[in-house]
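The structure appears right after this line, and notes come after that.
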Amino acid sequence: MAEEDDASYPSMEKKRIPLCIFFKDFRHVLKMDELGLEIASIALPAALALTADPIASLVDTAFIGQIGPVELAAVGVSIALFNQVSRIAIFPLVSVTTSFVAEEDTIGSVNPEVQDSESLETGSVVNSESKELIPQNVSGEGAYKSKSAMSSFDIAKMESGRRHIPSASSALVIGAILGFIQAIFLISGAKPLLNFMGVGSDSPMLRPAQQYLTLRSLGAPAVLLSLAMQGVFRGFKDTKTPLYATVTGDVTNIILDPVFMFVFRLGVSGAAIAHVISQYLISVILLWRLMEKVDLLPPSVKHLQFGKFLKNGFLLLMRVIAVTFCVTLSASLAARQGSTAMAAFQVCLQVWLATSLLADGLAVAGQAILATAFAKSDYEKATATASRVLQLGLLLGLMLAIILGVGLSFGSRLFTSDVNVLRMISIGIPFVAGTQPINALAFVFDGVNFGASDFAYSAYSMVLVAIISILSLLFLSSTYKFIGIWVALTIYMSLRTSAGFWRIGTRTGPWNFLRSL
1 MAEEDDASYP SMEKKRIPLC IFFKDFRHVL KMDELGLEIA SIALPAALAL
51 TADPIASLVD TAFIGQIGPV ELAAVGVSIA LFNQVSRIAI FPLVSVTTSF
101 VAEEDTIGSV NPEVQDSESL ETGSVVNSES KELIPQNVSG EGAYKSKSAM
151 SSFDIAKMES GRRHIPSASS ALVIGAILGF IQAIFLISGA KPLLNFMGVG
201 SDSPMLRPAQ QYLTLRSLGA PAVLLSLAMQ GVFRGFKDTK TPLYATVTGD
251 VTNIILDPVF MFVFRLGVSG AAIAHVISQY LISVILLWRL MEKVDLLPPS
301 VKHLQFGKFL KNGFLLLMRV IAVTFCVTLS ASLAARQGST AMAAFQVCLQ
351 VWLATSLLAD GLAVAGQAIL ATAFAKSDYE KATATASRVL QLGLLLGLML
401 AIILGVGLSF GSRLFTSDVN VLRMISIGIP FVAGTQPINA LAFVFDGVNF
451 GASDFAYSAY SMVLVAIISI LSLLFLSSTY KFIGIWVALT IYMSLRTSAG
501 FWRIGTRTGP WNFLRSL
């Protein structure tokens, strides 16, 4: 490699590479070399975009908290239910879209002739040993069958200046379908689902919770469609466009919240309506921008990559169900302890998730860069990228722990003035702040695994983690109540982080190349 590349990535001279290589040269973690600049250009906009929606939910929570603790608790249950059901569809869709788009775009840029959909039909290309998708010499006779192998469709896309990325079209179709299914499911089953969450028929939380959930569910198609498009942009390493769209939508949400809630006197229904309008605005902006970059109308269904989406999406669906069940169960157990405990849990959980998602920006950067590196078989850059994003994740987690430990004690009054709720929030603050380093590493490991297309390990390890965590939640919540829930969530995130360390430390799966370095 060139000298500048050697200066950008850590040395790989050792024959035996222990786990600590991923924290080697930690003093250079903030160095703005080639790799550092690439990570920053992807991670910073992605982190801001990822945290924009939770921040908007925090604003919703703050406004609703002014109505009363019952409404605050009711909306907390509805938001938890909506988000967890959404994650079942969103997480697999966005994750596989980012990896597949990055791989297809990389292959197309190295050898545009490989953009025939049949060459990618088997799924992720990074771990394929059966054929070389990126030949070392694309000009010789041994390269892929030249222009005769290209369809006129592919040639037309190149000449138009727009990219032919089959996974982009597939993601939008799947996202729209899943969005409509989710909306129908949540609207038709709002009451029984809320009952499952611990909001009984005689609970004062039921009516406002059902109102909020039903109205917000109307925005489900826009939510899934916009996030599918964000996955496409991330695959292109473009996280600025999703940021602009998300900020525009969420600012609109924040402006409309007090108008609908207090001027029009719609209460919690007004908060839901404002959120739905903002989600459709985000979708329109992203679709308009994406149509300028990608041709979204393939000539036939065979050009859509449904096969690889279903194969890898099913694995991540298993993973997301496991994650969803753990978080949803914790919210349900808090709701069963009464409106005071649920209101406090809602505030703590929203802060916990909003700050932890900052690390997801690093995960997005790691996934996009790693998918490209593995597609090129550039294992030196793959190792350097994994090392750097993990280091940055740990540093971010430590900073968040300090900020939340000090700031949340004073900031909790922004969400409620109820003395009992504030007392319960103070109990959760040490857990919200103290788990930030663990949470950050867990999120970054997700991006590392997805960038390496290690979907199977991610799914199976999370199922095992979920089983242990669910047992912990049931036991600790019944014994130690509110504190027990947060202890169990700490165990849950610790196990997720340990699973990430285990995979790389044992140098198995996509990381077996470390054995030969």
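Counting in UniProt numbering, the sequence shown runs without a single skipped number right up to 517 at its last residue. Yeah, the Cβ is synthetic: ideal placement off N, Cα and C, and Gly gets one too. Owing to the predicted nature of the structure, the values given are computational and were not obtained by experimental measurement.
Exercise. With 8 Å set as the bound, which would you pick, yes or no: does the beta-carbon of T328 sit closer than that to a beta-carbon of chain C?
Worked result: Absent here is chain C; the protein component of the structure consists of one chain.
Exercise. Who are the near neighbours of L394 in its chain, counting only those whose CB is closer than 7 Å to its CB and skipping five residues on each side?
Worked result: Take L394, set aside five residues on each side of it, and the residues of its chain with a beta-carbon closer than 7 Å to its own are P437, A440, L441, in chain order.
Exercise. Are the segment 442–453 and the segment 381–389 touching, with three or more C-beta to C-beta distances below 8 Å?
Worked result: Taking a cut-off of 8 Å for Cβ pairs, the segment 442–453 and the segment 381–389 touch, as three or more such pairs fall below it.
For this session: Pull up the distance between the alpha-carbon of I467 and that of G198, whole angstroms please.
Result: Roughly 21 Å between the two C-alpha positions.
Exercise. Where does R163 fall in DSSP's three states?
Worked result: In the displayed model, R163 falls within a strand according to three-state DSSP.
Problem set entry | Buried or exposed by the 16-neighbour rule on C-beta atoms within 10 Å, applied to Y480 | So Y480 counts as exposed.
Exercise. If you drop the 5 nearest sequence neighbours on each side, which residues of the same chain put their C-beta closer than 6 Å to that of D446?
Worked result: Non-local C-beta neighbours of D446 in its own chain, meaning closer than 6 Å and more than five positions away in sequence, comprise A363, ordered along the chain.
Exercise. Tell me which same chain residues have a C-beta within less than 6 Å of the C-beta of S217, skipping the five on either side of it?
Worked result: Contacts found: A183, L186, I187.
Exercise. Can you tell me the Cα-Cα spacing of A40 and Q391, whole angstroms?
Worked result: If you draw a straight line from the Cα of A40 to the Cα of Q391, it comes to about 13 Å.
Exercise. DSSP on V247, reduced to helix/strand/coil?
Worked result: Here V247 sits in helix by DSSP.
Exercise. Helix, strand or coil for V29 per DSSP?
Worked result: In the structure shown, the three-state DSSP call for V29 is coil.
For this session: Output the distance between the C-alpha atoms of D53 and T490, rounded to the nearest integer angstrom.
Result: Those two C-alpha atoms are separated by around 24 Å.
Exercise. Which of the three DSSP states, helix, strand or coil, is assigned to R515?
Worked result: In the structure shown, R515 sits in a helix (DSSP, three-state: H, G or I).
For this session: Report yes or no: do the segment 416–425 and the segment 323–333 share at least 3 C-beta pairs separated by less than 8 Å?
Result: Between the segment 416–425 and the segment 323–333, the count of C-beta pairs closer than 8 Å stays below three; the two stretches do not touch.
Exercise. With 16 other CB atoms within 10 Å as the buried threshold, where does W486 fall?
Worked result: Buried, by the Cβ-count rule.
Exercise. In this structure, what does DSSP give as the bridge partners for V465?
Worked result: Paired residue(s): none; V465 is not in a bridge.
For this session: Could you name the residues that DSSP lists as bridge partners for V294?
Result: For V294, the beta-bridge partners assigned by DSSP are R163.
Exercise. When the Cα atoms are used, what is the spatial distance from F260 to A56?
Worked result: So the two alpha carbons sit approximately 15 Å from each other.
Exercise. Mapping DSSP to helix, strand and coil, what is L357?
Worked result: Coil, per DSSP.
For this session: Closer than 7 Å by C-beta to Q350: which residues in its own chain qualify, once you throw out the five before and the five after it? Chain order, please.
Result: Closer than 7 Å at Cβ, skipping near neighbours: P54, S57, L58, T61.
Exercise. In or out: E292 buried (at least 16 other Cβ within 10 Å) or exposed?
Worked result: Burial state of E292 is exposed, judged by a 10 Å Cβ sphere holding fewer than 16 other Cβ atoms.
Problem set entry | Given 8 Å, three or more beta-carbon pairs between the segment 214–230 and the segment 267–284 | Yes, the segment 214–230 touches the segment 267–284.
Problem set entry | Residue closest to Y460, alpha-carbon to alpha-carbon, out of T506, L316, V389, F410 | Scanning T506, L316, V389, F410 for the CA closest to the CA of Y460 turns up L316.
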